Amino acid sequence: MEQEMMRYMISQGAFAVLFCYLLYFVLKTSKEREEKMQSTIDKNQEVIGDLARKFDVLEDVKIDNLKLITEHNKGIQINLK
1 MEQEMMRYMI SQGAFAVLFC YLLYFVLKTS KEREEKMQST IDKNQEVIGD LARKFDVLED
61 VKIDNLKLIT EHNKGIQINL K
């Protein structure tokens with residue numbers, strides 16, 4: 001039984017080496033891809049943060065304009081006759 005197992009392992013040696021090489025290659029490329037993806041995510045987060053701050057400014061301007069319009073309209077009386 002042990003001899004059969006040894007023969008099988010020896011006969012599959014080239015495939016074992018190929019498997020180890022492919023595993024190493026896949027892990028290496030996955031790490032590189034993960035680093036690029038994380039960099040892209042970080043850049044996207046910066047852009048989202050900038051847009052959120054600009055949206056807050058725009059929202060403040062909108063609120064200020066609504067207050068001005070409301071104050072202006074208080075002084076106007078409408079005659080609907």
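Note that the UniProt record's numbering numbers the sequence shown so that position 57 is 57, with each residue one more than the last.
Note that beta-carbon positions come from the ideal geometry of N, C-alpha and C, so glycine has one too.
If you're wondering where the values come from, they're calculated on a predicted model, not measured in any experiment.
Just so you know, the alpha carbons of Asp64 and Ser39 end up roughly 38 angstroms apart. DSSP places Met5 inside the alpha helix (DSSP H), whose first and last residues are Glu2 to Ser11.
Rounded to whole angstroms, the separation of the alpha carbons of Leu22 and Met6 is 23 angstroms.
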